[in-house]
Each structure stands twice: as structure tokens, then as C-alpha cells.
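What follows is a single structure, written as C-alpha cells, with notes after it.
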Amino acid sequence: MAAPRMAYDGVVATAPVTIPYRRYSTNSAHWWIGRAVRAVLQLAELKPADIDGLSVSSFTIGPDTAVGLTQHLGLSPRWLDHVPLGGASGFVGLRRAARAVQCGDAEFVVCVAGDTNHVDSFRRTLSTFSRFAQDAVYPYGSGGPNAGFALITRNYMKRYGATREDFGKICVAQRENALKFPYALMKKPLTLEDYLNARAISDPVHLFDCVMPCAGAEAFLVCREDRARSLGLKATRILATIERHNAFPDDPIQIRGGWAMDASELYAMAGIKASEVDFLETYDDYPVICMMQMEDLGFCAKGEGPDFVRANSFTTDGSFPHNTSGGQLSVGQAGAAGGYLGLVEAVRQLSGAALGAPVAGARIGLVAGFGMITYDRGLSSGAAVLARMDG
Amino acid sequence: MTEPLVRPKRKNPLKKTREPLLPQAARSRTALGLTAAAAEGRFQLQICADCAAVIYPPRDACPRCLSPRIPFKDARNDGVLLAETTIRASTDVYFRERVPWRIGVVQLDSGPTVVAHLHGGVREGERVKLEFKLDKSGQAVAVALPPTEALNMEADLQWRELTCDPKYRRVLVTDGRGPVGQAMARAMSDAEASIVFVGVADPWKPFPGEAALGKIPRVEIVPLDVTDTTSIEDIAGEIGPRVDILINTAEHVRAGGVIERKSLAVAREEMEIRYFGLTRLAQSFGAILRARGADGVNSAAAFVNLLSIYALANWPAYGAFSATEAACLSAAQSIRTELREGGIKVVNVFSGPLDTEWYQTVPPPRVTPVALASAVLNALRRGLEDVFVGDVAEDIRARLSVNPKAVERELGS
């Protein structure tokens with residue numbers, strides 16, 4: 308039997324930052340990341356020299372890695388991490404940073420994800436995304452993950468009876484949340500009718516099932532709780548985290564993610580039950596993945612996602628607040644920052660700093676991430692349970 | 005069932021010819037194992053030598069036991085189509101103008117799941133067989149087919165994109181004076197090529213089979229002498245934009261080694277017909293073939309070289325001839341790369357000694373001109389790139405893959 312997980316006692320996430328997204332940017336990833344780091348410093352009233360830890364996630368920072376960024380930004384950290392895990396980046400960045408702070412390897416770790424989106428750079432990123440994508444996916448025509456997720460969605464619909472209306476309900480609710488979130492790229496209301504009538508991209512995936520690639524950055528600071536208090540920062544406790552890679556490799560088509568392997572450990576470590584979660588931020592590259600997360604994280608059983616969606620409303624004032632800033636489907640997918648979006652939003656929600664509509668009385672938030680579709684499925688999953696810091 | 009192919013209309017010369025685009029060609033070095041097998045029409049996957057796991061996508065370690073011993077081997081190709089999608093929008097420039105395009109995920113009975121192009125005859129949830137074919141970029145891609153041959157299967161447009169079927173295409177057979185060219189013309193006509201141009205040098209000189217050749221439906225005799233640059237340029241100027249498949253049947257077979265020949269006269273003649281003939285054809289027809297690689301249902305599709313298997317390993321009894329064939333093979337490899345940007349396949353057809361007068365003293369097995377023509381047709385229909393015709397060619401091919409030095413010694417004994 309594995310040793311029990313040590314809690315992240317005394318460690319918090321704070322200074323949540325979103326640099327407003329843009330559809331296209333002529334600036335580099337370095338520019339976006341630099342702005343996000345600067346915004347964290349300003350929020351926390353720290354100087355660059357105070358930053359002794361840095362965790363970076365970016366698809367478009369090449370040829371640099373995190374270390375090149377230290378010189379670019381004039382930082383001299385004693386702890387450095389590069390987390391190239393796409394939609395799982397935030398969780399992996401957070402949990403590693405939390406341990407580093409807890410063990411004294413670093414005092415202030417800035418976790419940052421940022422990507423640019425030049426005209427045509429997205430297409431080129433896709434074609435060289437991974438060796439398996441290059442060898443076994445890209446030559447088949449979708450020019451990106453749409454067709455792969457269409458196959459996953461199609462299979463899920465057939466197997467569990469989900470309908471386009473179910474997916475539409477998730478997307479429509481997120482748009483409603485996004486209309487109150489100032490940084491969302493999607494500013495127009497979305498009706499279920501709009502959703503259903505949108506043009507097909509790769510059956511059964513239609514336009515509003517897909518995220519819009521864009522440029523942007525997200526960041527937060529990890530430090531000790533007492534340091535956050537002395538800096539006067541509102542912060543969020545880290546109750547539990549999980550990550551998992553290449554879970555269930557024998558499933559012929561993805562019907563579940565690594566959460567299904569690790570959710571019970573997540574709740575045990577956090578000392579809570581799923582029913583105690585006040586809001587959920589899922590990774591929403593496609594709505595079918597949101598539904599899988601609701602199942603795999605224990606809000607309903609496998610295959611009951613469609614019923615769960617039919618039984619709940621997902622706006623910030625609904626029965627099950629979900630993707631409270633609008634998620635990537637409405638805010639935009641700024642590359643690796645997509646793996647931070649829900650986490651940063653949760654830290655804001657739990658520290659009374661929501662930019663959009665707050666979830667009333669929220670004390671516990673669950674955030675999940677998913678990333679790296681190198682062949683036919685997302686390989687990386689992560690999740691974190693965060694809690695409001697009292698007093 | 006697939007709808008039959010509709011005979012394409014005459015092209016409007018005022019309309020812009022669609023320029024060829026290619027699907028992504030980049031592959032890992034390991035993945036080129038699929039390309040090597042697909043070029044010969046074999047279905048191979050990596051199979052772990054230690055635990056027998058069947059592996060896809062190509063890897064450098066077995067995902068079951070981490071063994072590095074995972075060679076490509078002939079594999080079973082049957083499975084089930086688990087899910088399909090029709091792509092209607094793509095960021096990829098090649099597919100953008102070919103949507104809607106169906107792909108799916110196939111679970112092979114041997115284990116792995118494979119993202120594959122779908123033939124129109126396959127249905128979700130049903131059995132399929134998988135093949136690897138060379139796409140327009142020349143790289144291997146998986147395609148799921150109905151498990152049994154069905155009516156008009158070859159008419160499927162996604163399938164036609166991966167093959168060079170002569171049906172409704174215009175074919176040029178460069179030399180119709182001999183039995184090989186005549187058999188080729190008949191095979192292409194039988195395969196419903198819309199025109200079969202057959203080149204004849206010195207048409208005023210009668211030749212055996214002339215009358216029968218003229219009676220083959222849709223055959224059009226054209227003056228063409230592969231040793232004469234002007235003759236080739238003239239005919240290319242006239243019919244070049246209407247040639248979709250070029251098959252070079254010009255041959256020159258003489259026995260004898262390099263020393264034995266005593267002078268350069270025969271060698272020069274050999275090179276003139278074979279190597280320089282090939283060069284002239286490539287120079288006169290190559291650019292227009294390449295420009296027409298995406299020109300609709302009857303786009304330009306293939307450049308076929310008939311080569312001797314002794315291009316790969318010299319047979320001293322026909323030593324000087326073998327050397328010329330090797331020169332042609334080397335040129336064909338260059339032409340293959342040069343035509344790739346148009347998505348044109350260069351098909352190299354290696355045969356053993358033919359059943360013709362110039363191999364009169366060679367014992368059987370020999371390849372009849374009809375068998376050679378039918379192998380070429382099969383290669384075009386299946387989209388192959390390297391073809392070995394007859395027992396001798398297959399035998400040498402197999403021995404070369406084991407021990408090329410042994411082949412050299414044995415061919416010389």
C-alpha cells in the first residue's frame with residue numbers, strides 16, 4: 308500500500324492574473340508571459356528579485372524553454388520548472404510549486420502559462436504537435452484535434468445516449484457566465500438554437516463545440532500562507548491535487564480520463580465529498596470532456612453524464628456552477644494558458660476577487676485539467692481541490 | 005455500394021487548372037517503415053520480438069515490455085470501425101479543398117487502434133480491412149476498406165486520391181513496336197483508359213502486331229522515337245497536357261558483359277534508348293504531369309518505368325545491360341522526388357527475364373509481356389510504387405534483403 312499523501316498545509320495560491328486574450332497577436336509568447344509575471348508582482352507588491360521560483364508552460368516560446376525566459380525577464384530563480392503539458396499544465400505547475408514552497412526550496416514561485424497566436428501559427432503548431440500526431444493523425448486531414456474529438460464524442464454519444472442538446476446546454480450556460488466575465492472573447496449571447504444550427508466542423512462536432520485559439524496568459528503565485536497574510540494577499544488553500552498520464556491505455560476510444568483512477572484519492576486527501584464542492588471548473592476543449600470530468604470526478608456515475616447535465620443548470624447562480632468565467636469555449640483557448648484558466652478563475656472565486664459573477668458563498672472549488680492529445684486521446688489529467696482561506 | 009465513376013467532362017482550357025497541394029509528408033524515421041511496406045503493397049506493423057505485441061503508431065520501444073526489438077513484419081489487417089467522422093472544415097490546405105472527408109478509428113483484431121481514411125463502402129460498427137497506401141505526399145496512410153471486394157470499389161473518390169487507376173485517364177505507352185508495348189496498350193484499353201496513345205518510331209516501317217495494335221479500342225498511334233529529342237518534344241507539345249499516365253516501354257536487351265562488348269557501340273545504343281530516352285521523356289513530359297497532379301478525376305497520376313530486376317544487382321551474363329538498367333533506376337529515383345510536388349507517383353516495375361526473343365537462351369521462369377502489363381495495371385490500381393514481377397524478380401528481391409554480397413557472387417557463377 309502506498310504511503311499516505313502529505314497535505315499541502317501552510318501553502319497557498321494567490322495573486323491570480325489573467326492578461327486579457329486577443330484573437331491574434333503580433334507579440335511573442337515572451338511578451339505575454341512577461342506581462343503576466345509583472346502583473347503577479349504588482350498584485351503581490353513584490354520585486355523581481357523576490358521571485359525565487361518560476362514554473363512556465365507555453366507551446367510557442369520556442370526555441371526557448373523556461374531557462375531562456377529567466378534571462379529574458381531578468382529573474383534569478385533558485386527553482387525552475389518547465390511544464391509542457393497543455394491543459395494539465397496548471398495542476399502540475401501548482402502541485403510541484405506547492406511542494407517546493409512547503410519544503411523550503413523556494414519562497415515565492417510564479418506559475419505562469421502564456422502563448423501567442425500569430426496568423427497561421429496555430430496551424431503550424433498543430434502539424435508538429437507530437438510525433439504521433441505527425442506520423443498518425445495530421446496526415447488524415449483534420450488539421451487539428453477536431454476530428455479526433457469528433458470520434459471521441461461520436462463514440463460517447465452512441466454508448467451513453469448523450470445528445471447534441473446535452474452538449475449544447477453546457478456551452479450555452481458557459482456563454483451566459485462569460486457574458487459577465489470582462490475578458491471573454493465571445494461577447495454575444497448563445498442560444499441552444501444557435502448552438503444546434505451552427506455549421507458542422509467534423510460530425511458530430513459543430514462550431515460552438517470548438518474553442519477559439521487565441522493569445523493570452525494566466526498566472527498565479529504560490530507561497531506560504533503566513534507570507535501571503537503578511538503581504539495582505541487574499542489567498543486560496545490547496546486541499547488536494549492529482550495528476551495522471553496515459554491512463555487506461557487499453558480503452559480503444561477514450562471514454563474516461565485519469566481522474567477516474569485518482570478521484571477517490573483526491574477527495575480523501577482533501578477530506579471532503581463531491582457533494583461539498585461549491586463549483587466545478589472543468590477543462591472544456593470540447594463539451595464531451597466536461598461531461599467525462601463530471602462522471603470521473605464522482606458527481607455522477609460513468610454514463611450518467613447526460614442525465615446529470617439534464618438535471619442541473621450550470622450558470623454561476625445555478626444548481627451546479629460550472630466554468631464560472633465561461634471556460635475556454637467562451638473566453639478563448641490561449642494555448643497552454645487554457646490549462647490555467649480554470650485554476651486562476653477558481654483562485655479568484657475563492658478569494659473574493661471574481662471578475663465576473665461570483666458564486667455566492669463558495670468555499671470549496673474543484674478544478675480539473677486535461678491535455679496533450681498526442682494521438683487519439685488526451686494523455687494528461689489533473690485536478691485540484693481549493694478552499695477559501697478563512698480570516 | 006459505391007456509385008460508379010462518372011466519365012469526366014472535357015476540360016475547359018480557359019479555366020485555371022487546380023494546383024497540386026500535398027498532405028503533410030513529415031514522418032519520424034521509424035514511421036517510414038510503413039512507407040516502405042506500402043510502396044510494395046504490403047501491410048506491415050511493428051511486432052515485438054519479445055512479447056509479440058502489435059504496435060501502432062510506430063514506436064522505438066514496445067509499450068508492453070519496453071523491448072527495443074520491434075521490427076516491421078507482415079501483419080493481419082482485419083478489424084472493426086469503432087467510430088467515424090466526416091471532416092467538413094480543416095486548417096490543412098490539402099484537405100481544405102477536399103472536404104467532406106471521412107476518417108475513423110479502427111480497432112485491429114490484433115490490438116492497436118488506427119486512425120484511418122475511410123473508403124465509402126465502410127460503415128461504423130462493421131468489419132473492415134486496413135491497408136497502408138501512399139498518399140499524394142508519397143507517405144503511408146491507413147485506409148479502411150470493406151472486408152470483401154464490392155461493386156465499383158475503385159470509384160470511391162478518397163480511394164482514387166491514393167491510387168492511379170487508368171479508368172477514364174489518358175495513357176501514353178511510349179513504344180508500341182514490341183510485344184511489351186502492345187500488351188500494355190491492350191491492358192490499358194481493357195481497363196477503360198479513355199485514350200491510349202501508343203508511340204511508334206519510324207511509323208512507315210511495318211512491325212509485327214501492327215494491325216492488331218491499331219484495332220485495340222481507344223488506341224491512338226503517335227509518332228514517337230525515344231532516341232530523338234525533337235520527336236519527343238513535338239509529341240509532348242501536342243499531347244502532353246492530355247497524358248495522365250506515362251508508361252515507358254522502350255527496351256533494349258542485349259547479352260554480354262562490359263569487357264566482352266569490345267566497343268562502346270552497343271553500350272551507347274543501350275544508353276541512348278534506355279537512359280537518355282528516359283531522361284528525354286522526363287524532361288518533355290515531367291513538368292506538365294507535375295502541374296496537373298490535382299486536375300480532377302482524371303488528373304495526371306503516374307510515370308511508370310519498366311526496369312529489369314538486374315538494375316538492383318548486376319547479372320554479368322547481361323552485364324552491360326544491367327548497368328544501363330541501374331542508371332535508369334537511379335534516374336527514376338530522382339524523377340520520383342521531382343514529380344512528388346505534383347503528387348505524381350513514379351512506379352518502378354522490376355521484372356525478371358521476359359518471354360521475348362532477346363532472352364531466347366534464358367531458361368524459365370520468364371515473364372510474359374501480358375503478365376508484365378497486368379502487373380503494371382495492378383500497381384496503378386493499388387497505388388504501388390515498387391513492384392516485383394515474376395518469380396525471378398521476387399527471388400532476387402528476397403535474397404537481396406538478406407545478403408546482397410551472396411547475390412553478387414551467385415549471379416556471377
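As given, the protein sequences belong to chains A and B, one line each in that order.
With this note's numbering, the residue at position 47 of the first sequence is 354, and numbering never jumps.
With this note's numbering, the residue at position 109 of the second sequence is 113, and numbering never jumps.
All C-beta atoms, glycine included, are put in the ideal place defined by N, C-alpha and C.
| query | result |
| --- | --- |
| Quick check: what's the CA-CA separation for P408 (chain B) versus V391 (chain B)? | 19 Å |
| Going by other Cβ atoms of all chains shown within 10 Å of its Cβ, with 16 needed for buried, is I263 (chain B) buried or exposed? | exposed |
| Residues of the region 32-49 of chain B in Cβ contact with chain A at a cutoff of 9 Å, in chain order, please. | S32, T34, A35, L38 |
| Quick check on M275 (chain B): does DSSP put it in helix, strand or coil? | helix |
| Using 9 Å as the limit for Cβ to Cβ distance, is V126 (chain B) near chain A? | no |
| Kindly list, in the order they appear in chain A, the residues whose Cβ is closer than 7 Å to that of P62 (chain B). | D442 |
| Tell whether a beta-carbon distance below 9 Å holds between V175 (chain B) and A146 (chain B). | no |
| Using the DSSP secondary-structure output, state which residues sit across from F677 (chain A) in a beta bridge. | A:S688 |
| Taking only beta carbons into account, state which residues of the region 316-334 of chain A come closer than 8 Å to chain B, listed in chain order. | none |
| Among A:R385, A:E550, A:M464, A:A669, whose alpha-carbon lies nearest the alpha-carbon of R402 (chain A)? | A:E550 |
| For a contact meaning CB atoms closer than 7 Å, what does P446 (chain A) contact in chain B? | P27, Q28, D139, Q143, V145 |
| Determine the DSSP secondary structure at G300 (chain B), reduced to helix, strand or coil. | coil |
| So that I know if they touch, is there some Cβ in chain A lying closer than 9 Å to that of R92 (chain B)? | yes |
| Are the C-beta atoms of D591 (chain A) and some chain B residue less than 9 Å apart? | no |
| Would you give the residue range spanned by the alpha helix (DSSP H) that T234 (chain B) belongs to? | 233-243 |
| From this set, B:E214, B:E128, B:A298, which residue's C-alpha is nearest Q186 (chain B)'s C-alpha? | B:E214 |
| Let me know the alpha helix (DSSP H) ranges lying completely inside the region 383-409 of chain B, each 4 residues or longer, listed in chain order. | 394-406 |
| Rounded to whole angstroms, what is the Cα-Cα separation between G451 (chain A) and T372 (chain A)? | 24 Å |
| According to DSSP, simplified to helix, strand and coil, what is G635 (chain A)? | A small fix is needed here, since residue 635 (chain A) is Gln in this sequence, not Gly. Helix at Q635 (chain A). |
| Restricting to Cα atoms, I'd like to know which of A:L353, A:G341, A:E352, A:G400 is closest to Q378 (chain A). | A:G341 |
| Give me whichever residues DSSP pairs with R106 (chain B) in a beta bridge. | B:T90 |
| Less than 8 Å between the CB atoms is what I'm expecting for L540 (chain A) and A322 (chain A), so what's the real figure, rounded? | 6 Å |
| Check each candidate in B:P320, B:R344, B:A315 and name the one with the smallest Cα separation from S334 (chain B). | B:A315 |
| Output needed for L250 (chain B): all residues of its chain with C-beta closer than 6 Å, excluding positions within five of it in sequence on either side, in chain order. | L176, F289, F307 |
| Is the beta carbon of D603 (chain A) closer than 9 Å to that of A641 (chain A)? | no |
| Against chain A, with Cβ distances strictly below 9 Å, would Q337 (chain B) count as a contact? | no |
| Please name the residues in the region 370-401 of chain B whose beta-carbon is closer than 8 Å to at least one beta-carbon of chain A, in chain order. | none |
| Shorter than 9 Å from the beta carbon of N453 (chain A) to some beta carbon of chain B? | yes |
| Just how far apart, CA to CA, sit D427 (chain A) and G260 (chain B)? | 60 Å |
| Taking A42 (chain B) as the reference, give the member of B:A29, B:L25, B:F136, B:L415 with the closest Cα. | B:F136 |
| Comparing the C-beta of K736 (chain A) with each C-beta of chain B, is any distance below 9 Å? | Beyond the ends of chain A as shown, which are 308 and 698, falls residue 736 (chain A); an answer cannot be given. |
| So A148 (chain B) packs on V126 (chain B), CB below 8 Å; how close in whole Å? | 5 Å |
| Does the contact criterion of 3 or more C-beta pairs under 8 Å hold for the region 392-404 of chain B versus the region 356-375 of chain B? | yes |
| Please report how far the alpha carbon of I358 (chain A) lies from the alpha carbon of Y315 (chain A), in whole angstroms. | 20 Å |
| What are the boundary residues of the beta strand (DSSP E) that includes S193 (chain B)? | Segment 183-194 is the alpha helix (DSSP H) holding S193 (chain B); no beta strand (DSSP E) there. |
| In angstroms, rounded to a whole number, what distance separates the CA positions of S688 (chain A) and R695 (chain A)? | 24 Å |
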